[in-house]
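**Q** One line per chain: the protein sequences are A and B, in this order. The first sequence begins at 1 in our numbering and counts up by one. The second sequence begins at 1 in our numbering and counts up by one. Cβ atoms here follow ideal geometry from the backbone N, Cα and C, with glycine treated the same way. Given the structure is predicted, the values throughout are model-derived calculations rather than measurements.
There are 2 protein chains.
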Amino acid sequence: MPTTEKPYHHGNLRQALVDSGAELARASGPEGVVLREVARRTGVSHNAAYRHFADRDELLGEIAAVAADHLERAMRTRLDEVDETDPARRAAARLRATGRGYIEFAVAEPGLFHVAFCPLESGPHSKEDAGAYLLLGSVLDELVEAGAVTPADRVGADAACWAAVHGLSVLMIDGPLRDLTQEERSGVMEKLLTTVERGLTRR
Amino acid sequence: MPTTEKPYHHGNLRQALVDSGAELARASGPEGVVLREVARRTGVSHNAAYRHFADRDELLGEIAAVAADHLERAMRTRLDEVDETDPARRAAARLRATGRGYIEFAVAEPGLFHVAFCPLESGPHSKEDAGAYLLLGSVLDELVEAGAVTPADRVGADAACWAAVHGLSVLMIDGPLRDLTQEERSGVMEKLLTTVERGLTRR
DNA sequence: CCCTTATGTGGACAGTGACAACATCAAGGT
DNA sequence: ACCTTGATGTTGTCACTGTCCACATAAGGG
């Protein structure tokens with residue numbers, strides 16, 4: 001199955017459908033990705049999508065991969081802004097930057113964020129978030145190398161960090177923390193990042 | 001509008017609908033709460049629900065309140081099991097117990113958990129989770145009274161703790177941590193609780 | 001006794017995902 | 001040149017959903 005469609009009737013429809021779908025996802029989350037609406041926007045009749053995707057879930061999965069990629073890029077952007085040079089403080093700052101990128105993306109693009117994590121029925125499940133996961137893992141490794149985190153404290157730290165930022169993201173998007181102002185948001189975020197950092201680093 | 005329905009035709013249908021709906025929610029989450037199926041299970045024709053709820057959302061909201069209550073009870077159950085007597089250690093143990101109750105409920109009843117937090121369009125939004133929130137707040141206050149947490153570290157701790165346990169719950173239910181074994185789950189959970197506790201308490 | 005009002009029913013309608021039958025068009029062998 | 005073949009897109013249909021409407025029923029007050 002070639003990922004690049006040749007200009008048969010439409011000229012790679014598959015990608016066009018994913019793009020239209022991502023547009024809808026950005027605006028309205030997973031629920032907004034309605035097969036018929038995606039087809040409409042792409043200027044094609046409903047059912048056309050069935051030649052490229054077995055299922056609505058399969059299309060959603062493709063869109064989820066796109067969304068996960070956006071998330072990872074947002075994290076990397078924040079990561080690359082860190083200019084601290086002291087190894088330990090640099091690693092800590094990079095961990096915080098990763099978390100900030102994650103949460104900020106979730107708040108800025110709630111639709112895409114939800115799609116990136118929406119549970120699909122089909123298959124053994126998407127590993128699209130692997131990129132973000134590996135990124136977090138490498139930043140945590142930096143902390144160990146810098147001596148800020150003991151190897152013992154390193155185990156399971158991936159999940160703990162991810163859970164913290166993911167939870168805050170969800171609570172801020174449609175949980176009880178959804179009505180916070182920008183300053184409150186940022187304050188709570190820094191508090192969370194500080195708590196995690198203090199909880200992981202050597203005392 | 002009286003909250004208690006008298007036995008007119010059916011004998012408080014409203015409650016019966018909420019019960020059937022909660023059953024569906026427990027089995028399949030918010031998506032499973034299908035108005036017509038709820039009516040079917042209650043042995044009543046579709047549209048009957050419209051005499052008691054303006055909307056599917058309103059029914060879902062009622063079910064969400066039930067689910068939130070279950071969640072709070074699960075937390076209280078774990079909380080009451082703590083028998084530590086030293087004030088500081090007792091408060092810390094109670095914080096961990098709260099978190100354990102939260103996560104364990106989410107994993108044991110993912111459907112109800114999702115419903116408790118599903119975002120409803122209607123109204124200025126549900127404050128059903130207030131119970132759990134207040135519970136967490138009081139446990140954190142105990143930590144301050146016991147001297148384990150400084151008043152300065154107390155501010156924003158509610159959101160940080162909640163985010164951590166909520167995030168882990170979500171990741172374990174339908175995120176990348178969904179395929180963990182029971183032991184792995186419990187290990188990750190304790191790691192998270194330890195991280196948060198260490199991040200909050202005086203060093 | 002009748003009538004008002006709360007409650008439940010049956011029948012619509014638009015919108016959705018999915019399937020099947022049909023149409024179209026590029027490509028390649030003969 | 002032609003004709004077959006398979007990939008691609010369309011039309012028509014079905015079951016299901018939430019919601020609205022008109023109607024039926026029953027409880028209880030005048």
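#1: How many Å lie between W162 of chain A and Y50 of chain B at the Cα?
#2: Please confirm whether H46 of chain A and A39 of chain A have their CB atoms less than 7 Å apart.
#3: How about A68 of chain A and D129 of chain A: are their beta carbons less than 7 Å apart?
#4: Helix, strand or coil for V115 of chain B per DSSP?
#5: Does any CB atom of chain A fall closer than 7 Å to the CB of D57 of chain B?
#6: Mind checking if P30 of chain B is an interface residue toward chain A, Cβ cutoff 7 Å exclusive?
#7: Could you tell me if G99 of chain A is buried or exposed, where buried requires 16 or more neighbouring beta carbons within 10 angstroms of its beta carbon?
#8: For the region 132–159 of chain B, list every residue whose C-beta sits within 7 Å of some C-beta in chain A, in sequence order.
#9: Taking C-beta pairs closer than 8 Å, name the residues in chain B that A48 of chain A reaches, listed in chain order.
#10: Quick check on DSSP: helix, strand or coil for F53 of chain A?
#11: With a threshold of 8 Å, are at least 3 pairs of Cβ atoms found where one atom belongs to the region 85–96 of chain A and the other to the region 108–119 of chain A?
#12: Please tell me whether P110 of chain A and I63 of chain A are closer than 7 Å, where the distance is taken between their beta carbons.
#13: Rounded to a whole number of angstroms, what is the C-alpha to C-alpha distance between R36 of chain A and L59 of chain A?
#14: Ignoring anything shorter than 4 residues or poking outside the region 36–83 of chain B, list the alpha helix (DSSP H) runs there in chain order.
#15: Straight-line CA distance for M189 of chain A to T85 of chain B?
#16: If you draw a straight line from the C-alpha of L134 of chain A to the C-alpha of A160 of chain B, how long is it?
#17: Smallest Cα separation from R26 of chain A: which of A:Y102, A:G43, A:A106 and A:G199?
#18: Do you know offhand how far V170 of chain A's Cα is from A164 of chain B's?
#19: How should A158 of chain B be labelled, buried or exposed, when 16 other C-beta atoms within 10 angstroms of its C-beta is the threshold for buried?
#20: Flag this pair as yes or no: are the beta carbons of G43 of chain A and V33 of chain A separated by less than 7 Å?
#21: Using a cut-off of 9 Å between C-beta atoms, extract the partners of G101 of chain B located in chain A.
#22: Does the Cβ of P176 of chain A have 16 or more other Cβ atoms within 10 Å, making it buried, or fewer, making it exposed?
#23: When the Cα atoms are used, what is the spatial distance from L13 of chain A to G29 of chain A?
#24: Given this structure, state the Cα-to-Cα distance separating Y102 of chain A from A108 of chain A, to the nearest angstrom.
#25: Leaving out five residues on either side along the sequence, give the residues of the same chain with a beta carbon under 8 Å from the beta carbon of R41 of chain B.
#26: Counting pairs of Cβ atoms below 8 Å between the region 145–153 of chain A and the region 177–185 of chain B, do you hit three or more?
#27: If the cut is a Cβ gap below 9 Å, which residues of chain A does F117 of chain B touch?
#28: What separation, rounded to the nearest whole angstrom, lies between the Cα atoms of G199 of chain B and H52 of chain B?
#29: Quick check on T77 of chain B: buried or exposed, where buried means 16 or more other Cβ atoms within 10 Å of its Cβ?
#30: Which same chain residues end up closer than 7 Å to R178 of chain B when comparing Cβ atoms and leaving out the 5 residues on each side of it in sequence?
#31: Could you list which residues in chain B have their beta carbon closer than 7 Å to that of L200 of chain A, in chain order?
#32: State the DSSP-derived secondary structure class of A146 of chain A, mapped to helix, strand or coil.
**A** Let me spell this out:
#1: Sequence index remark: in the first sequence, residue 162 of chain A carries index 162 (1-based). Sequence index remark: in the second sequence, residue 50 of chain B carries index 50 (1-based). One C-alpha to the other measures close to 42 Å.
#2: Here residue 46 of chain A is taken as the residue at index 46 of the first sequence, counted from 1. Here residue 39 of chain A is taken as the residue at index 39 of the first sequence, counted from 1. Between H46 of chain A and A39 of chain A, the gap from beta carbon to beta carbon is short of 7 Å.
#3: In the first sequence, counting from the first residue as 1, residue 68 of chain A sits at position 68. In the first sequence, counting from the first residue as 1, residue 129 of chain A sits at position 129. Yes. Within cutoff.
#4: As a first step, residue 115 of chain B is located in the second sequence; it is residue number 115 there, counting from the start. Helix.
#5: Working through the second sequence from its first residue, we reach residue 57 of chain B at position 57. No - not a single Cβ of chain A is within 7 Å of the one on D57 of chain B.
#6: Sequence index remark: in the second sequence, residue 30 of chain B carries index 30 (1-based). Output row for P30 of chain B: interface = no.
#7: Within the first sequence, the letter at position 99 stands for residue 99 of chain A. G99 of chain A comes out buried.
#8: Y133, G156 and A159
#9: For the purposes of this step, residue 48 of chain A is identified with residue 48 of the first sequence, where counting begins at 1. None at all; the shortest Cβ gap to chain B is about 26 Å.
#10: Numbered from 1 along the first sequence, position 53 holds the residue referred to as residue 53 of chain A. F53 of chain A: coil per DSSP, three-state reduction.
#11: no
#12: Within the first sequence, residue 110 of chain A is the residue found at index 110, counting from 1. Within the first sequence, residue 63 of chain A is the residue found at index 63, counting from 1. Contact flag unset, no.
#13: To locate residue 36 of chain A, count along the first sequence from 1; it is residue 36. To locate residue 59 of chain A, count along the first sequence from 1; it is residue 59. Those two C-alpha atoms are separated by around 12 Å.
#14: 56–80
#15: Looking up residue 189 of chain A in the first sequence gives position 189. Looking up residue 85 of chain B in the second sequence gives position 85. Distance between the alpha carbons of M189 of chain A and T85 of chain B is about 33 Å.
#16: Numbered from its first residue, the first sequence carries residue 134 of chain A at position 134. Numbered from its first residue, the second sequence carries residue 160 of chain B at position 160. A direct Cα-to-Cα measurement between L134 of chain A and A160 of chain B gives close to 24 Å.
#17: Sequence index remark: in the first sequence, residue 26 of chain A carries index 26 (1-based). Measuring from the Cα of R26 of chain A, the nearest candidate turns out to be A:A106.
#18: As a working note, residue 170 of chain A is residue 170 in the first sequence. As a working note, residue 164 of chain B is residue 164 in the second sequence. Using only the alpha carbons, I get a separation of about 11 Å.
#19: Counted from its first residue, the second sequence places residue 158 of chain B at position 158. The identity of residue 158 of chain B in the sequence shown is Asp, whereas the question assumes Ala. So D158 of chain B ends up on the buried side.
#20: Here residue 43 of chain A corresponds to residue number 43 of the first sequence, with the count starting at 1. Here residue 33 of chain A corresponds to residue number 33 of the first sequence, with the count starting at 1. It is not a contact, given that the beta carbons lie outside the stated cut-off.
#21: Within the second sequence, numbered from 1, the residue matching residue 101 of chain B stands at position 101. Here the premise fails: no neighbours, minimum Cβ distance about 16 Å.
#22: Within the first sequence, residue 176 of chain A is the residue found at index 176, counting from 1. Its Cβ being crowded by 16 or more others within 10 Å, P176 of chain A is buried.
#23: Taking the first sequence and counting its residues from 1, one reaches residue 13 of chain A at position 13. Taking the first sequence and counting its residues from 1, one reaches residue 29 of chain A at position 29. For L13 of chain A and G29 of chain A, the distance between alpha carbons rounds to 22 Å.
#24: Here residue 102 of chain A refers to the residue found at position 102 when the first sequence is read from its first residue. Here residue 108 of chain A refers to the residue found at position 108 when the first sequence is read from its first residue. Using only the alpha carbons, I get a separation of about 10 Å.
#25: As a position in the second sequence, residue 41 of chain B is number 41, starting the count at 1. Cβ within range, chain order: S20, E23 and L24.
#26: no
#27: Residue numbering aside, residue 117 of chain B sits at position 117 when the second sequence is read from its first letter. Result: V170, L171, D174, G175 and P176.
#28: Locating residue 199 of chain B in the second sequence gives position 199, where the first residue counts as 1. Locating residue 52 of chain B in the second sequence gives position 52, where the first residue counts as 1. Going from the Cα of G199 of chain B to the Cα of H52 of chain B covers about 47 Å.
#29: What you label residue 77 of chain B is simply residue 77 of the second sequence in a count that begins at 1. Label assigned to T77 of chain B: exposed.
#30: On the second sequence, residue 178 of chain B is found 178 positions in, with the first residue counted as 1. Excluding sequence neighbours, R178 of chain B sits near M172.
#31: Along the first sequence, one-based indexing puts residue 200 of chain A at 200. T195, listed in chain order.
#32: To locate residue 146 of chain A, count along the first sequence from 1; it is residue 146. Of the three classes helix, strand and coil, the one that applies to A146 of chain A here is coil, per DSSP.
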